[in-house]
Each structure stands twice: as structure tokens, then as C-alpha cells.
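Same order as they appear, the protein sequences are chains Y and F.
In terms of my numbering, the first sequence opens at residue 1 and continues consecutively.
In terms of my numbering, the second sequence opens at residue 203 and continues consecutively.
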Amino acid sequence: MTGPLYLFDAFSFTTSLALAVAVGFMFGFVLERAGFGDARTIVSIFYFRDMRVLRVMFSAIVTAMVGLIVLSWVGLFDYSVLVEYALLPTYLWPQLVGGILFGIGFILGGYCPGTSVVAITSGRIDALVFLGGMVAGIWVFAAGFPIWGWFYKSSALGRITLWQAFGLSAEVVALAVLLMALAAFFLAGLGEKWAPYDKAGN
Amino acid sequence: MNENDYAKGLWNPYVAGIALGLVLLLTFYLMGTGLGASGAVSRTAAVVGHAVVPEAVEQNGYFGSFYKGGKNPLVDWMVFEVIGVFIGGLIAAMTGGRMKLTVAKGPHVSSGRRLAMALGGGVIAGIGTRFAMGCTSGQALSGGATLALGSWVFMMAVFAAAFIFAIVIRREWV
């Protein structure tokens, strides 16, 4: 059957919720096994110690990216439906500013939303506090919505992919991402050897 | 490098990454959308707020849409997915022997200081997820794999900001 199944009305909303729990289960299980249940593992990439989180992240992106393209080659996936109806829309400036804020919160707090859930199940008290902080942060965002709501919806470019933005084919961009990931894996190994924070004087 | 307690028995990172990628691929094949997390936190924030000030939340420019037409914000795909994440993480931590009631912190800071940082980091990250309409799961991982332009802008901004700010606060972690 050609995917995405739900967008072709292959099953009901109720069924989709059951599937949500099932894929969530797998997601959470793999995240924990990957080492995302402890802030020290996560932040160690920013100090060039254990680059495991970067390796996991980029190999996951590449696997899913290549998988979607291969599935669409063999006719099992309709990529145009995804791009037209489900791709995350781009809001250039809000996503840049949001990314900077998120990056600062990430290194300060030691978690991101998904990993904090997994870390809570692993008994990490700091993760529970981080999650509480996020709830409070979202209240701040909602309370200030009359002030920055205009910005939140600004520079809307719609559902646009990298290959459309650069006028290339999906395969060429995917190949570039694959090469970038391989370069990142290589640099990660060099970074671990460099280990600038673990030398004398730190 | 020396292996730490909290990192004992983890999967090879490339094996874990491919497994994670296959779960993500399955999700796209089934749903057309990927995995996420911050959307569920956002709906939780709305519901908790609603218990205290229902009218203010329903009339809020951001939270209001969760309640439009008498909807329950928690009847949502991502909320159910995160319930699955919780159960999956719990079983993995239990069976992996990494479940421990503790504060994960750098070697030279107190637990109180670490918790204050976690709270402050959570507030800033929470605000960030709303402007970016997603987090590392929804934007970086899922948007990244589908090559969405804004997701890559987000991902680059996150890593650049975190690597730079990591230098400033290195005493917290190193």
C-alpha cells in the first residue's frame, strides 16, 4: 500500500491514536537505549567529549531521509502528498530566533522536550524540573502572545523543502546531507581526540 | 575515555541512530507526519493553566485554538505519542539498569544549582519551542529528514547557539 496511509484515509483517527502510542513506545525505548535519558550524555557533545548524541541524531535523519526517497522510488510512498499536506511549514525568522533560544535552553537545562520525558522515566529529578520550566516558559509565551503573536506568524514561506528553495532535485540535496553527515561523523571523532575541556587547567 | 555509570550498556550510536530512523520512517509511512514532543508539552501547559484560569486560557491567542469547538486539547496524536514515549522510556530504563533517582549534573556544581539551571533552561527552551513551532524531535529530526527548509534553519541555530553558549557556562558541566 502506498503511504502516507493516514493521508489516504487508510484508517480512522481513533486507530491513529493507538498507532501513536505504539510508535511513541518505540521512540522512547530507542531514545533511552541511545543514551538520551541523562543530561550528561546529551551535553557532552557540546564539550567534544562523547559525541554519541550527534552520531545518533544524524544517522537517524539520514536513515529516514534515504528511506523515504527509496520508498517513493519503488512506489510505496507518495512524497508529493507529504510535501503538500504534511511537511512542516517554514517561518524563517521565528524559527531562527526560536532555534537560538532553544539552543541556549538546551545547554543550560541539559535536555530537550522528548529526552526530558525519557530522563524522567530514568529517575532524573533535573529532567522533571526542566519539564516544569518548559510548561512555565510556554505560559510566558502564551501570556505575551498579544505582543509577539505577529512575529510568530511572520516570514511565512509555506511548506517548502530545501530542494525547492535551492532549485535542485530531492536526490541531490539528500546526497549533500548524507555527505555532510559523514563529515560530521569524521569531525566528531576528531573532536573527541581534541577534547579541549579535558586538558590540564580546566 | 572512561565509561561513566550513566552511559553503561548503551547501544552503539550508529545502531541506535538507524533504529531511531526506522521508527521515524514508519511514522512517516503511517501518518505523513513525523515524531514530536514539544506539542504535547504545550497542550499540557494549556490544560494545567485551564484548571486555574479557564476563561483566560480559552480566550488566549495561542492556547485558544486547542479549545476551539469544545475540543479537548489532550485528544491529540502527539499527546498519545508522548504517552508511548513515557512507557517505552520507562521499560528501557528498567530493563537497562539505568533507572536511578538522581540529579544529573556536572562534577563541580551542587544539586540545587543544577536544578535552578534546569528550571531556567526549561523556561527558555519552552519559549523557543513555541517560536520555532517544534523542538529537536519535531523540527530537527522529523523536519530534517523530510528536508523542510525551516527545520534546517532551526537545527543550525540550535547547534550554533548551544555550542557557543556551552563555552560561557562550561563550569556547570565540565
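Every residue gets a Cβ at the ideal spot worked out from N, C-alpha and C, and that includes glycine.
Sequence-distant partners of residue 118 of chain Y (beyond 5 residues in either direction) whose C-beta falls short of 6 Å from its own C-beta, in its chain, are 28, 31, 32, 36 and 37. Counting C-beta pairs with one atom in each stretch, the stretch 131 to 139 of chain Y and the stretch 318 to 328 of chain F have three or more that are closer than 8 Å, which means they touch.
Annotation for residue 39 of chain Y: the continuous alpha helix (DSSP H) segment containing it runs 39 to 43.
Residues of chain Y whose Cβ lies closer than 9 Å to the Cβ of residue 269 of chain F do not exist, since the nearest Cβ in that chain is about 12 Å away.
With a 10 Å radius around the Cβ and a threshold of 16 neighbouring Cβ atoms, residue 91 of chain Y comes out buried.
Annotation: residue 195 of chain Y is outside any beta strand (DSSP E) and is labelled neither H nor E by DSSP. Within the same chain, 353 come within 6 Å of residue 345 of chain F by CB-CB distance, once the 5 residues on both sides are set aside.
Across the structure, residue 83 of chain Y and residue 280 of chain F are spaced so that their CA atoms are roughly 20 Å apart. With a threshold of 7 Å between beta carbons, residue 67 of chain Y makes contact with chain F. Beta-bridge analysis with DSSP links residue 91 of chain Y to Y:156. Of all residues in the stretch 2 to 28 of chain Y, the ones placed with a Cβ closer than 7 Å to any Cβ belonging to chain F are 3, 4, 5, 6, 7, 16, 17, 19, 20, 21, 22, 23, 24, 25, 26, 27 and 28, in chain order. With a cut-off of 8 Å on Cβ pairs, the stretch 209 to 225 of chain F is in contact with the stretch 56 to 67 of chain Y, counting three or more such pairs. A contact is defined here as three or more CB-CB pairs under 8 Å, and the stretch 329 to 349 of chain F meets this definition with respect to the stretch 237 to 247 of chain F.
Of all residues in the stretch 228 to 244 of chain F, the ones placed with a Cβ closer than 7 Å to any Cβ belonging to chain Y are 228, 229, 230, 231, 232, 233, 234, 235, 237, 239, 240, 243 and 244, in chain order.
In this model, residue 218 of chain F and residue 164 of chain Y are separated by some 31 Å (Cα to Cα). The CB of residue 167 of chain Y never comes closer than 7 Å to any CB in chain F; the least such distance is about 12 Å.
Per DSSP, residue 120 of chain Y is one residue of the alpha helix (DSSP H) stretching across 113 to 121.
Nearest C-alpha to residue 51 of chain Y among Y:70, Y:194, Y:188 and Y:182: Y:188.
Scanning its chain for C-beta atoms nearer than 7 Å, with the 5 sequence neighbours on each side dropped, one finds around residue 7 of chain Y the residues 81, 85 and 86, in chain order. Taking C-alpha positions only, residue 141 of chain Y is separated from residue 366 of chain F by approximately 24 Å. Shown here for residue 340 of chain F: same chain residues with a beta carbon closer than 6 Å to its own, the five before and five after excluded, namely 238 in chain order.
In terms of beta-carbon proximity, residue 283 of chain F lines the interface with chain Y, with at least one pair separated by less than 7 Å. Taking residue 107 of chain Y as the centre and dropping the five residues before and after it, the same chain places the C-beta of 43 and 46 closer than 7 Å to its C-beta, in chain order. At least one CB of chain Y lies nearer than 7 Å to the CB of residue 355 of chain F. The closest CA to that of residue 128 of chain Y, considering only F:332, F:317 and F:329, is found on F:317. Here residue 14 of chain Y is exposed, its C-beta having fewer than 16 other C-beta atoms within 10 Å. Counting C-beta atoms within 10 angstroms of its own C-beta, residue 261 of chain F has fewer than 16 neighbours from the protein chains shown and is therefore classed as exposed. The three-state reading of DSSP puts residue 306 of chain F in coil, since its state is none of H, G, I, E or B.
Counting the other Cβ atoms within 10 Å of the Cβ of residue 120 of chain Y gives 16 or more, which makes it buried.
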